[in-house]
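Chains as they are written, first to last, in my numbering: chain A, 7 to 354; chain B, 7 to 354.
Note that beta-carbon positions come from the ideal geometry of N, C-alpha and C, so glycine has one too.
Reading through the structure tokens given below for one structure.
Right under this line is the structure:
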């Protein structure tokens, strides 16, 4: 990551020096950005479009473990996680603010890596970094990201729009980020017991990347536009499929039938889950951090999605009284319950 | 603050339960807020106006000490500090997101107090709380606020617009928040040495409030509109007068003359600084956290400000080559240097 000999103490620069140093690399690309970093506030012009805003807090020891999360990946992921919320409204992300609190044990080079990761994500997704705050922290690393995006009023998709008879769809595949985390946790334990053993992540790139370097699904929003697909309801999968399905059903006052066999799970996720003694379906339902898009579409749009390799139809929406159930591979009905991640549960 | 017998463990509610509980009291008042909390992102409509955005991170042990900062005040101050940046652009704040990370040692009632303070600030300033994030924290309390505001394009005031000959003005009075902090720190020390001694803040309400419960100066922005005052440059005083003057002069490529005798200092600030052996002028120059507005206006607008009780003309803008100097009460020239607060200096 960085050599200790290259350490530059942040206090040498001070807050203003640090901001200046870090922000020199920022290139603004959005026509809606009038003024970026450098004043009390950034100035934006969304004209006739509606503005979307979402914010996330990422805390060391809760959301990430620096013993196996490279700093550049962390900066990248912090941005992706937040952009994902804008795409989940069927909007296009345009700006972020990126704040960071870090203890003085971090050298400048460490902060630089975090920002570098954030800026790589911004560049790839055509998003401007227009503001932020930097501060010392007495303990752990703190990252706070706020994203702004735009959408035409009639294109915005809420969680609450699902209708009886809609098809329930999801992008990509699920469970990979959670199984990747199990893999990293196992290697961390092995390393802690014997620091001479190198981590064995050979051939597991895909699921490790799903955990360390997730991609928000801007491409799916663009695909919707290309094919004229208009979801009735949408949410991003951050806490696990089960939790997100329940959010849509509760907000829309509907029920659903989910087919276990239709849940898209990558073979590597499946096999690795098995080696950990985990049920791959449970990993998809309750694992979280996949940042895929879960959405419902009217049945008459089925032809538009059926040949999309990256979209799976996994069930359908029912009336509220029918409840939210999964039909298992063996044909049994199971009530869907949220076992998503609870940051306040002390055992976690 | 709250009785221990009334403690409710946050983990009983979980994150979603906590959000639901905390956000029930939110009333949206801004016509620009289309959708507040409850989806992946909030939806806003700024129509033809420009959007302003600013963000702040407040960390326990760095920005506040819970041994003397009441939680409700903390929530209130966190919002004010951030709104201040929007007003410093000559804009009107309209929405905030409010994120909080806190250790499981905090009961629900503690979070409630922080949010209550934030919502009181929102209500008073006509701002909608439209989003946020809540998380456990392994150590200290973390608060992150992002503010949005609006302004007509030609009304936005940047730091960079100061012109030679402009009058340098400041709202309210300075140094109070810093001297208030000294008072609170002293009482904390006395309390730590002997917990039976009650804090002696008698008659010091004003400066204690300046520290614990600052008010951002929306009223000054409204006063500008009423009297047709249009600053050329503006910034809010968060790091001390000296640092802010230098920001304006650097961004505008100008110099300035500041008159020490014109710096507005409240008598209580003055006297209390003296009892601490502090120079009141230094408290105003380097103390910070006053959240007043520092701005420059063309000389021909002098008549509009001269009778405003809450605005002081403290100097004027010169050419860049003349540098940034203060003329002391004894008539000597002193170069202005930034000794503002550096969150990365480990001695602080």
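Residue 112 of chain A, buried or exposed, once every other Cβ within 10 Å from all chains shown has been counted against 16: If you number the first chain from 1, residue 112 of chain A lands on position 106. When all chains shown are included, residue 112 of chain A counts as buried.
As assigned by DSSP and simplified to three states, the class of residue 232 of chain B: Numbered from its first residue, the second chain carries residue 232 of chain B at position 226. Helix at residue 232 of chain B.
For residue 327 of chain A, the three-state DSSP class (helix, strand or coil): Within the first chain, residue 327 of chain A is the residue found at index 321, counting from 1. Correct three-state label for residue 327 of chain A: helix.
Chain C contacts made by the stretch 35-47 of chain B, where a contact means CB separation under 8 Å: Among the protein chains of the structure shown, namely A and B, there is no chain C.
From A:201, A:67, A:179, A:282, residue whose alpha carbon lies closest to that of residue 297 of chain A: Your numbering for residue 297 of chain A matches position 291 in the first chain. Comparing Cα-Cα distances from residue 297 of chain A to each of A:201, A:67, A:179, A:282, the minimum goes to A:179.
Distance between residue 214 of chain A and residue 85 of chain B (C-alpha atoms, nearest Å): Start at 1 with the first residue of the second chain, and residue 85 of chain B comes out as number 79. Start at 1 with the first residue of the first chain, and residue 214 of chain A comes out as number 208. The alpha-carbon atoms of residue 85 of chain B and residue 214 of chain A are separated by roughly 39 Å.
Closest by C-alpha distance to residue 6 of chain A, when choosing among A:101, A:210, A:340: Because residue 6 of chain A is not part of the residues shown, which for chain A are 7 to 354, the question remains open.
CB contact below 8 Å: residue 326 of chain B versus chain A: Start at 1 with the first residue of the second chain, and residue 326 of chain B comes out as number 320. With 8 Å as the cut-off, residue 326 of chain B does not count as an interface residue toward chain A.
Identity of the residue in A:115, A:170, A:285, A:225 nearest residue 132 of chain A by Cα: Here residue 132 of chain A is taken as the residue at index 126 of the first chain, counted from 1. Selected option, being the one with the closest Cα: A:225.
Option in A:255, A:200, A:282 with minimal Cα separation from residue 186 of chain A: Residue numbering aside, residue 186 of chain A sits at position 180 when the first chain is read from its first letter. That would be A:282, whose Cα lies nearest to the Cα of residue 186 of chain A.
Chain A within 8 Å of residue 25 of chain B, Cβ atoms only: Position 19 of the second chain, counted from the start, is the residue given in the question as residue 25 of chain B. Not closer than 8 Å to any Cβ of chain A, the Cβ of residue 25 of chain B fails to qualify, so no.
For residue 318 of chain A, the residue or residues it bridges with in DSSP: Here residue 318 of chain A refers to the residue found at position 312 when the first chain is read from its first residue. DSSP lists A:176 as partners of residue 318 of chain A.
Bridge partners - residue 48 of chain A, DSSP secondary structure assignment: If you number the first chain from 1, residue 48 of chain A lands on position 42. Looking at the DSSP assignment, residue 48 of chain A forms a beta bridge with B:59.
Cβ-Cβ separation, residue 265 of chain B to residue 321 of chain B (assumed contact under 8 Å), whole Å: Position 315 of the second chain, counting from 1, holds the residue named residue 321 of chain B. Position 259 of the second chain, counting from 1, holds the residue named residue 265 of chain B. Residue 321 of chain B to residue 265 of chain B, Cβ: 5 Å. Contact.
At least 3 beta-carbon pairs within less than 8 Å: the stretch 31-43 of chain B vs the stretch 23-37 of chain A: no
Three or more C-beta pairs below 8 Å linking the stretch 73-93 of chain A and the stretch 117-128 of chain A: Yes: at least three Cβ pairs fall under 8 Å.
Same chain only: Cβ atoms within 6 Å of residue 138 of chain A, ignoring 5 sequence neighbours per side: For the purposes of this step, residue 138 of chain A is taken as the residue at position 132 of the first chain. For residue 138 of chain A, where only same-chain residues beyond five positions count, the Cβ hits under 6 Å are 103, 104, 105.
Within 8 Å, strictly: CB atoms of residue 61 of chain B and residue 140 of chain B: Translated into positions along the second chain, residue 61 of chain B becomes position 55. Translated into positions along the second chain, residue 140 of chain B becomes position 134. In this structure, residue 140 of chain B does not lie closer than 8 Å to residue 61 of chain B by Cβ.
Closest Cα partner of residue 42 of chain B within the set B:55, B:25, B:54: On the second chain, residue 42 of chain B is found 36 positions in, with the first residue counted as 1. When only C-alpha atoms are compared, the closest one is B:25.
CA nearest to the CA of residue 159 of chain B, picked from A:314, A:339, A:48: Locating residue 159 of chain B in the second chain gives position 153, where the first residue counts as 1. Out of A:314, A:339, A:48, A:48 has the C-alpha closest to the C-alpha of residue 159 of chain B.
Min CB distance residue 215 of chain B to chain A below 8 Å: Looking up residue 215 of chain B in the second chain gives position 209. Not one chain A Cβ lies under 8 Å of residue 215 of chain B.
Distance between residue 289 of chain A and residue 184 of chain A (C-alpha atoms, nearest Å): Working through the first chain from its first residue, we reach residue 184 of chain A at position 178. Working through the first chain from its first residue, we reach residue 289 of chain A at position 283. Computed Cα separation, rounded: 6 Å.
Within chain A, the residues that residue 66 of chain B reaches when beta carbons sit closer than 8 Å: If you number the second chain from 1, residue 66 of chain B lands on position 60. Under the 8 Å cutoff, chain A gives 144.
Proximity test, residue 186 of chain A beta-carbon vs the ligand FMN heavy atom, cut-off 7 Å: With respect to small molecules bound, the structure shown includes none, and the ligand FMN cannot be examined in it.
Selection of the stretch 124-153 of chain A by Cβ proximity to chain B, strictly under 7 Å: 136, 137, 138, 139, 141, 142, 143, 144, 145, 146, 148, 150, 152
CA-to-CA distance, residue 135 of chain A to residue 307 of chain A, given in whole angstroms: Taking the first chain and counting its residues from 1, the one referred to as residue 307 of chain A is at position 301. Taking the first chain and counting its residues from 1, the one referred to as residue 135 of chain A is at position 129. Their Cα atoms are separated by approximately 36 Å.
Cβ of residue 59 of chain B within 8 Å of any chain A Cβ: Stepping through the second chain from its first residue, residue 59 of chain B is reached at position 53. By this cut-off, residue 59 of chain B is an interface position.
Residues near residue 312 of chain B in its chain [Cβ-Cβ closer than 8 Å; skip 5 each side]: If you number the second chain from 1, residue 312 of chain B lands on position 306. Excluding sequence neighbours, residue 312 of chain B sits near 319.
Below-8 Å beta-carbon distance, residue 167 of chain B vs any chain A residue: Your numbering for residue 167 of chain B matches position 161 in the second chain. Output row for residue 167 of chain B: interface = no.
Three CB pairs or more closer than 8 Å across the stretch 188-197 of chain B and the stretch 63-80 of chain B: yes
Residue 336 of chain A versus A:229, A:309, A:268, A:273, residue with shortest Cα-Cα distance: In the first chain, the residue the question calls residue 336 of chain A occupies position 330. Comparing Cα-Cα distances from residue 336 of chain A to each of A:229, A:309, A:268, A:273, the minimum goes to A:268.
Near-chain B residues of the stretch 97-125 of chain A - C-beta to any C-beta below 8 Å: The residues in question are 97, 101, 103, 105, 106, 107, 110.
8 Å Cβ cutoff, residue 50 of chain A in contact with chain B: Taking the first chain and counting its residues from 1, the one referred to as residue 50 of chain A is at position 44. Yes, because at least one Cβ of chain B sits closer than 8 Å to the Cβ of residue 50 of chain A.
Alpha helix (DSSP H) runs contained entirely in the stretch 272-311 of chain B, provided each spans 4 or more residues: Fully enclosed alpha helix (DSSP H) runs of 4 or longer: 273-281, 286-292, 308-311.
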